[in-house]
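Chemist: The structure's right below; bear with me while I get my questions together.
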Amino acid sequence: MKGVLLILLSLWFIWFPVSSSSLKPKVINIGALFTVNSVIGGAAKPALEAAIDDVNSEPNILNGIELKLVLRDTNCSGFIGTMEALQLMQSDIVVAIGPQSSGIAHVISHVVNELHVPLLSFGATDPSLASLQFPYFLRTTHSDYFQMYAIADIVEYYGWREVIAIFVDDDYGRNGISILGDALAKKRAKISYKAAFSPEDPVSKINDLLVEVNLMESRVFVVHVNPDSGLNVFSAAKTLNMMSGGYVWIATDWLPSYLDSREAVDSDTMNLLQGVVALRRYTPDTDHKKRFMSRWKDLKYKESSGPGGFNSYALYAYDSVWLAAHALEVFLNKDGNVSFSSDPKLRDTNGSTLNLSSLRVFDGGQQLLQTLLQTNFTGLSGQVQFDQQRDLIHPAFDVLNIDGTGARRIGYWSNHSHLSIVPPENLYTKPPNISSGSQHLNNAIWPGETSEPPRGWVFPNNGQPLRIAVPNRVGYKEFVSKDNSPQGVKGYCIDVFEAAIKLLPYAVPRTYMLFGDGTKNPSYNDLVYQVFQNKYDAAVGDITIVTNRTKIVDFTQPYMESGLVVVAPIKEVKSTPWSFLKPFTKEMWFVTAAFFLFVGAVVWILEHRMNHEFRGPPRQQLITIFWFSFSTMFFSHRENTVSTLGRLVLIIWLFVVLIINSSYTASLTSILTVQQLTSGIQGIDSLISSSELIGVQDGSFAYNYLVDELNIARSRIVQLKNPEAYLRALNLGPKPGGVAAIVDELPYIELFLSSTKCLYRTVGQEFTKSGWGFAFQRDSPLAVDLSTAILRLSENGDLQKIHNKWLKHRECSIQINQEEENQLDLSSFWGLFLICGIACVLALTFFCYGVFAQYRRYSPDDEETELEEIEPSRSSRRSIRSTSFKNIIDFVDKKEAVIKDMLKRKNSNECKQTGHSSNGQASSPT
């Protein structure tokens, strides 16, 4: 009987196999781990439980499998959170949701990595949690990485350059602010100071921290703290009068989360926050979201009735449950098995009561993790889908401004197009545009109830004025020098700086400090480097803006144009008996003479056959060609032209001669009447190729430029400290103790030439272009404001007035007049010669064509016949060709009238012969 039963059972299982659904569990445990009694936890708990109920009541998902939520409270403690996480894993959960604390998430991530349980965190926003170190950690909200880049865009939008970061000293705070520093660096901004405090610090310690940062320059504060204790920062700031005009406060999403979770925020709290700009994670206003929010006040899981307790983290917590549900359904449909196995590495040691052996590894954890990463659905927070970096797609934030009794949205930030006043979902279908011109926010109300964006910085409130270094010059003291006045310095550069300071809308306490010992000019490179090293806050003087200096400091707009020039001794060029040849170069004289002869020959050829003035013996004709050619220079040619082609060529040539004569006269006048100066040095190129000594100003950048850029030997360069040394060195010239030329900046050279009554001149062109500016430490906002002030000085004429006050001098001709510069070369006239040459060639072509046509009609047959009878048969072909060429020359030499008469007679004879032949044929018998 038993055998029959076994056979029947076997047949039953063969014919009716057990379906996979019958092996699916009836209940699947999902764990939740967070601090219940917190701003985030108070919103997450009812949302999670509501999501569990909604999933279990939905018949189209999980096919009747019940999800069970196993909740553990971490109580804001990393130690308790770790213990609760271990106890939670003993419940054989397949997915863990939470925690909201980034610090606890770091610890728990090691646990879920070992047990292969995916961890879905709706509140741990620390960017470092996305590393490969935690493969089972999956963030179901947006990382602080994007939030910090949103803050950096806001800082750039308003033109601020430095911020002070106030943050809680834990993983959440430190790592978030680290990302902020990287984001600001890409915008050429920075965190000037990081003010960290412990979550357990009392208000008094926060107050001391704010007193310290209030003494600093920046007035832009970024507050990145926990929502449960963050208001302590603003309470202390209000007490210290740091919520008044001129301050900027930017809070991360902790502040909107706190305000949204309160059913009604009291007026005292709102008074603390007036003018604060805050970010809140953006979620689209869908119907699904609106229905859930309408259910919120009646959720049975809430500790109190009403709308209180809700914030954006409730939406992410709700979507985390649905993400797990969708992934589990796909996992089970792909024959996923909810099973657990023991981990041999987890075993209790002797005497241990931790019961580690009760922790089991989820066998399908890796498969479920991949399913979670591929899940795509639309939840309360928007589209839930992960990118290749395992972040939710389309990160976006609301930009809020707290004013009056609530928060007002002034724009949005999205990773797609950054700052915008258009909701992000409307931009996703368009190409991304993150250019500065496309960034927009509505007007905000700032602390102090002002709509004007604050400057974002002040001078440090530590009792120390701005330390300004001034070069203690030995020469050219018109620009800057020591003075016995209370200010201590004077000069053109000082007056420009003081005038610019007066245009600023704020006071600038300052003190001038001389740089240099006064015996020689200081090194300006060293001066700029001292500013970079923070020994001085700024440097004011005749400081040239060059590349290596701009790498370490910031310069203002140039207030004086400058550039390197060469000064050399000169001598006056006296007139010579051959000065009349100087207006033209040798090439110009040669081409002009050649064209005179060429045009004369062309006109002779064109006129010879029909103009008796161009005929006669060969000697006379040759003289005629020369006479006619050169007489056209003075328009005194006596020969008339009768041919059309000859007249055309002559008209064009006379126009060319007119231009050449006028140019020659003007150039010769300039050479004979204007003082001509010359120098053995023609410019920087000739100075480089020579071996003469070169003088430069002591401390100037010209020394390094000549050595490093132009590769001039250091032994050739002599450093001179003042104009008197310039004069002595130039007077000596190449002799010992002297120099062949001086290389210096144009403003100095103008003063030097004026003081020497223009005995020396610059040679060549200005071979560098630069300017003078005031140097400040990198990213100093004062450099930007002073640049604007300098532009205003230039526009209203004050800059020129200061220039005239200090630097008014006798004008010298900046460059010497080189003879070669007054000479006219072929490049100025080749177009005229080209036109004349083309006209001559065309005229000759038409002339030859006409002559050839006449010659074909004129065929001296009789003469050739007689020639053949007389010549013996041994005459060569060459003799016949010579005779034919002679006939052509003779034909061309004949007068036009004779040729026409001969052709006329020949035509008449041909007609008569044709008539006689016709009559003879008519009278002959047929």
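Positions -20 to -1, 1 to 906 (mature numbering (1 follows the signal peptide of the UniProt record, and there is no 0)) are the ones given, in order, by the sequence shown. The beta carbon of each residue, even a glycine, is placed where N, CA and C say it ideally should be. Keep in mind that this is a model prediction, so the values were computed, not measured.
1) Closest by CA to Q513, which one among G498, D497, I532 and V520?
2) Between L47, V520, I60 and K185, which lies nearest to V75 when the distance is taken from Cα to Cα?
3) Identify whether N797 lies in helix, strand or coil by the three-state DSSP scheme.
4) For G11, which residues in the same chain have their Cβ closer than 6 Å to its Cβ, ignoring the five residues on either side in sequence?
5) Use the C-beta contact count for I550: other C-beta atoms within 10 angstroms, 16 or more gives buried, fewer gives exposed.
6) Rounded to a whole number of angstroms, what is the C-alpha to C-alpha distance between Q80 and T15?
7) Would you call the region 207 to 218 in contact with the region 177 to 193, where contact means no fewer than 3 C-beta pairs closer than 8 Å?
8) Just mark W140 as buried or exposed, buried being the case when its beta carbon has 16 or more other beta carbons within 10 Å.
9) Would you check if the distance between the CB atom of S438 and the CB atom of E746 is smaller than 8 Å?
10) In whole angstroms, what separates the C-alpha of S361 from that of R260?
11) G455 to D778, Cα distance in whole Å?
12) Tell me where the beta strand (DSSP E) around T491 begins and ends.
13) If distances are taken between C-alpha atoms only, which option among D181, Y173, S666 and H204 comes closest to N194?
14) What did DSSP end up calling E64 once you bin it into helix, strand or coil?
15) Which class does A258 belong to by DSSP, given the choice of helix, strand or coil?
16) With a threshold of 7 Å on Cβ separation, who are the neighbours of S503 within its own chain once the five nearest residues in sequence on each side are excluded?
17) Consult DSSP for M568 and reduce its assignment to one of helix, strand or coil.
18) Are F681 and A518 close, meaning C-beta to C-beta below 8 Å?
19) With a floor of 4 residues, list each alpha helix (DSSP H) that falls wholly inside the region 458 to 538, ordered by position along the chain.
20) With respect to the alpha helix (DSSP H) encompassing Q346, which residues constitute its N-terminal and C-terminal limits?
21) Determine the closest residue to A85 out of V35, S111 and A548, with distance taken between C-alpha atoms.
22) In whole angstroms, what separates the C-alpha of L421 from that of G345?
23) With a cut-off of 8 Å, do at least 3 Cβ pairs link the region 454 to 468 to the region 224 to 242?
24) Rounded to whole angstroms, what's the CA-CA distance from W393 to E29? Just pull it up for me.
25) Let me check one thing: in DSSP terms, what residues is P451 bridge-paired to?
26) Express the C-alpha separation of G417 and residue 907 in angstroms, rounding to a whole number.
27) To the nearest angstrom, report how far apart N36 and A297 are at their CA atoms.
28) Measure how close the beta-carbons of L586 and A819 come, nearest whole angstrom, since I'm counting them as under 8 Å.
29) Per DSSP, what kind of secondary structure is W437 in: helix, strand or coil?
30) Does DSSP put A104 in a helix, a strand or coil?
31) Can you tell which of L731, S750, S89 and R389 has its C-alpha closest to the C-alpha of R741?
32) By the 10 Å Cβ neighbour count, where 16 or more other Cβ atoms means buried, how is S178 classified, buried or exposed?
33) In angstroms with no decimal places, state the Cα-to-Cα distance between R388 and N452.
34) Counting only the same chain and skipping the five closest in sequence on each side, list residues whose C-beta sits under 8 Å from that of V256.
35) For L804, which beta-bridge partners are listed by DSSP?
36) Can you tell me where the beta strand (DSSP E) holding residue 977 begins and where it ends?
Modeler: Taking the definition as stated:
1) I532
2) L47
3) Residue placement at N797 is flagged as unreliable, the pLDDT there being 48, under the threshold of 50; a coordinate-derived value is accordingly withheld.
4) V50, L68, I73 and A76
5) Per the 10 Å Cβ criterion, buried.
6) Approximately 7 Å between the Cα atoms of the pair.
7) yes
8) buried
9) Checking the displayed sequence, the identity of residue 438 turns out to be Val instead of Ser. In this structure, E746 does not lie closer than 8 Å to V438 by Cβ.
10) Spanning the two alpha carbons is a distance of roughly 12 Å.
11) 25 Å
12) Per DSSP, T491 is one residue of the beta strand (DSSP E) stretching across R490 to F495.
13) In terms of Cα proximity to N194, the closest of D181, Y173, S666 and H204 is Y173.
14) In the three-state reduction of the DSSP assignment, E64 falls in the helix class, which pools H, G and I.
15) Per DSSP, reduced to three states, the secondary structure at A258 is strand.
16) Excluding sequence neighbours, S503 sits near G679.
17) helix
18) no
19) 472 to 482, 504 to 512 and 527 to 530
20) Its alpha helix (DSSP H) spans residues G345 to Q354.
21) S111
22) 45 Å
23) no
24) 31 Å
25) F495
26) The structure shown does not extend to residue 907, since the chain is modelled only from -20 to 906, so the question has no answer here.
27) 16 Å
28) Not a contact, Cβ separation roughly 11 Å.
29) strand
30) A104 falls in the coil class under three-state DSSP.
31) For the set L731, S750, S89 and R389, the Cα lying nearest the Cα of R741 is the one of L731.
32) exposed
33) 56 Å
34) F214, W229, I230, A231, L235, N381, I382 and P427
35) F564
36) The structure shown does not extend to residue 977, since the chain is modelled only from -20 through 906, so no value can be given for it.
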